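Protein chains in written order, with this note's numbering: chain X, 806 to 1025; chain P, 806 to 1025.
The following block contains the structure:
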């Protein structure tokens, strides 16, 4: 394998060099129990294997470009490590793990919005668990919007829900996720990608509006 | 106005009580220059007005349910405070402000992916600035996906791009954003809402798959 490994076994310094992750960061991940400790060797050292390298790369992609908090990463990893779950249950657990623990510091009363959200999901015909954190998140967003505009109701998100369903159907048809890990990585990365594309679509729309009215973009 | 205000002027303790934001948090926001300091009064105190209350509520929604980092909040507020910008330029600046400063700690070479992203945006016909942080974010995501699967190319996101454009067109048609502030709040909240809906659509899809194969969800 890579230089410095002994039949795939490495010292922690090799793990740092090969993964490109700084040594203090690796030690931090071990202390935080995101990365399992190495196998102790006779000389007061520990050796690491390919499984550590793979786990390290997974943490980096989730917490790096994937922008998950370390507590979300920990929950995703716990779901992936839970061998008692079926593949479907494991995938669902990793999806739930993406939601932050507490959606808001000062929790307002989201009861009325929650009723609207539950009705909305019923009308969409979606099979979503009553305890799914998505319901509460959507109720919190709706409550915040209703504080700004009392007339705002959940149907403001009808187009978003349809688009979300279309994307998911497309992904399940075309992406071959062979494992819960592959699906978790794809989910996290494609959320970041979608957000970037939506913001660029907005930028483009704004450029069109401005060009049509007073402002003329440079080079037009 | 509310009890404890003198013609709309308040002490900092009133601001805390009325807004529901704890006093130490308000002081933290002032120290961090997110909230402007109050107008000094004769008695070694400062008084606060409705503009402080509105700004405080804006910070809370962006950093709370909107889940922006404080550095993103600071950049959004700076864009909204820049009266030298046109409405279009202000909206674009707030969109750009949503992207984190550095998309990844260990920056890989995203050059080849960046070429694909630029070509993709050209083919979509989107008017996106060459310096838009969305291009780099998408290139980072694509690079991460290509590290896992060398065959992955940017067209994996065609359906996402179409959906993003459809949502944005719909929003500009139906949402009446009267100000850059209203647009920024809507953007941030609707991103959180979309993410929640997409995750619920996945959960629903998984439940359907499992029901159709071996597992039967409880109650079915």
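We put the beta carbon where it would ideally sit given N, CA and C, even for glycine.
Predicted model, so just to flag it, every value in this text is computed and none were measured.
Pairwise C-beta distances place the stretch 940-954 of chain P in contact with the stretch 912-923 of chain P, as three or more of them are shorter than 8 Å. DSSP places residue 829 of chain P within a helical segment (H, G or I) once states are collapsed to three.
Just so you know, the alpha carbons of residue 824 of chain X and residue 957 of chain X end up roughly 49 Å apart.
Sequence-ordered contacts of the stretch 1001-1014 of chain X with chain P read 1001, 1002, 1003, 1004, 1005, 1006, 1007, 1008, 1009, 1010, 1011, 1012, 1013, 1014 [C-beta pairs closer than 9 Å]. In the displayed model, residue 872 of chain P falls within coil according to three-state DSSP, outside both helix and strand. Considering only P:924, P:967, P:895, the residue with the shortest C-alpha distance to residue 988 of chain P is P:895. Distance from the CA atom of residue 961 of chain X to the CA atom of residue 899 of chain X, rounded to whole angstroms, is 28 Å. Proximity of residue 984 of chain X to chain P, defined by a Cβ-Cβ separation below 9 Å, is not satisfied. Comparing alpha carbon positions, the residue from P:1001, P:1013, P:1004, P:972 closest to residue 1009 of chain X is P:972.
Using a Cβ distance threshold of 9 Å, residue 979 of chain X and residue 998 of chain P do not count as a contacting pair. Residues of chain X whose Cβ lies closer than 8 Å to the Cβ of residue 837 of chain P do not exist; the shortest such Cβ separation is about 16 Å.
In terms of Cα proximity to residue 871 of chain P, the closest of P:1012, P:1006, P:1011, P:995 is P:995. For the stretch 916-984 of chain X, the full-length alpha helix (DSSP H) segments reaching 4 residues or more read 916-929, 938-953, 963-979 along the chain. Checking the DSSP bridge columns, you'll see residue 845 of chain X partnered with X:851. At least one CB atom of chain X sits nearer than 9 Å to the CB of residue 940 of chain P. Counting the other CB atoms within 10 Å of its CB gives residue 920 of chain P a total below 16, which places it among the exposed residues. Separation of residue 843 of chain X and residue 864 of chain X (C-alpha to C-alpha, rounded to the nearest whole angstrom) is 16 Å.
For residue 905 of chain P, the residues of chain X that pass the 9 Å Cβ criterion are 872, in the order they occur in the chain. Around residue 950 of chain X, the same chain offers 957 as residues with beta carbons nearer than 6 Å, after the five sequence neighbours per side are excluded.
Non-local beta-carbon contacts of residue 861 of chain P in its own chain, meaning distances under 8 Å to residues more than five positions away in sequence, involve 820, 824, 826, 831, 834, 840 in chain order. When C-alpha distances from residue 877 of chain X are compared across X:935, X:905, X:936, X:922, the shortest belongs to X:905.
In the DSSP secondary-structure assignment, residue 815 of chain X is bridged to X:853. Taking C-beta separations shorter than 6 Å and ignoring five residues to either side along the sequence, the partners of residue 933 of chain P in its chain run 926, following chain order. Taking the beta carbon of residue 966 of chain P as reference, the chain X residues within 7 Å of it are 1002, listed in sequence order. The CB of residue 882 of chain X never comes closer than 8 Å to any CB in chain P; the least such distance is about 17 Å. When C-alpha distances from residue 852 of chain X are compared across X:813, X:1000, X:888, the shortest belongs to X:813.
Not a single CB atom of chain X sits nearer than 9 Å to the CB of residue 849 of chain P. When the Cα atoms are used, residue 929 of chain P and residue 959 of chain P turn out to be separated by approximately 12 Å.
With its beta carbon less than 9 Å from one in chain P, residue 945 of chain X belongs to the interface.
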